[in-house]
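Working notes, beginning with the structure itself.
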Amino acid sequence: EFSEGVLDRLHQIYIRFATVPTPVESSSDQSSTQLLQMGKTDVERWLTIINLRVGRGTEFRNAARFMGWVEPPLVSDDPDGKPTKIEKKDRPPIYIPDDG
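First residue of the sequence shown? That's 6 in this note's numbering, and the numbers climb one at a time after it.
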């Protein structure tokens, strides 16, 4: 578990990058502050700063999963109906979904 100081710094970083307004549910208090979240462009900007490019690193893989990318099955059925492991080189690439 992270200390309060680390969590506060992570929160400040998130606020600095977040530019997408969160969906507003109907509320009796319309004067409330609009919250922001990180969209695809924000995440790609953050990844470029910490990893120098999008598409590599644990941060990228975790961001893709968090934003909706689903890892395909690692096993497929061959024509004989026998499960076959899909090699890493044959798997589709990880990506950050547009609607993530």
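Using N, Cα and C, we set each Cβ at its ideal position, and we do this for glycine too.
### Query
Taking the DSSP output, what are the residues bridged to leucine 41?
Assignment of beta-bridge partners to leucine 41 by DSSP yields Pro26.
#### Entry: Run of the beta strand (DSSP E) containing serine 8, from where it starts to where it stops
First-last for serine 8: undefined, no H or E at that position.
### Query
Can we count threonine 24 as close to the ligand MG, meaning its CB is less than 8 Å from some heavy atom?
The ligand MG is absent from the structure shown, which contains no ligand whatsoever.
### Task
Classify lysine 90 as helix, strand or coil using the three-state DSSP reduction.
When secondary structure is reduced to three states using DSSP, lysine 90 falls in the strand class.
#### Entry: Stretch pair the stretch 53–63 + the stretch 73–86: three plus CB contacts closer than 8 Å
Touching, no.
### Message
Check this for me: beta carbons of methionine 72 and lysine 94, under 9 Å apart or not?
### Response
Between methionine 72 and lysine 94, the gap from beta carbon to beta carbon reaches 9 Å or more.
### Query
How many Å lie between lysine 90 and threonine 24 at the Cα?
Computed Cα separation, rounded: 41 Å.
#### Entry: First through last residue of the alpha helix (DSSP H) which encompasses glycine 62
Run containing glycine 62: 62–71, per the alpha helix (DSSP H) assignment.
### Message
For arginine 70 and glycine 10, I'd like the C-alpha separation in whole angstroms.
### Response
Cα atoms of arginine 70 and glycine 10: separation of roughly 26 Å, rounded to the nearest angstrom.
### Message
Alpha carbons only, please: which of Asp13, Ile101, Glu6 is nearest the one belonging to glutamate 64?
### Response
Answer by Cα proximity: Ile101.
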